[in-house]
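The next block holds one structure in the form of structure tokens; read it before the comments.
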Amino acid sequence: GNKLVDNLIKKSLTLNVKNRITYIPFEQFTNIEYLAEGGFSKIYKAIWEDGPITGWHSNRGDFRRRERKIVLKKFNNSENID
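Mapping to this note's numbering: the sequence shown position 41 is 39, numbers consecutive.
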């Protein structure tokens, strides 16, 4: 992996749960629409189908989730982030 990205993930895992970085498989994004382009990235809006954890279903024994509108940012040339 990339040391910068690895350190960012490690730091986020020690912070408040609401500020945690979560890996989301791309397949969970729907209705992806292009919004704009800047000097080094493109911006899209989408729906995160499963959405973040909002609680616990005690009857079902799993997490409660709800879809969420989100913004995606795609960095140009992101393979060279050192």
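Think of the CB as a built atom: it goes at the ideal place given N, C-alpha and C, for glycine as much as any other residue.
- According to the DSSP assignment, Asn29 belongs to the beta strand (DSSP E) that extends over 27 to 35.
- The Cβ-Cβ distance between Glu65 and Trp46 falls below 9 Å.
- Cα atoms of Ser39 and Arg63: separation of roughly 29 Å, rounded to the nearest angstrom.
- Approximately 5 Å separates the beta-carbon atoms of Ile51 and Phe61; this is inside 8 Å, confirming the contact.
- Secondary structure at Phe73: strand, using DSSP grouped into helix, strand and coil.
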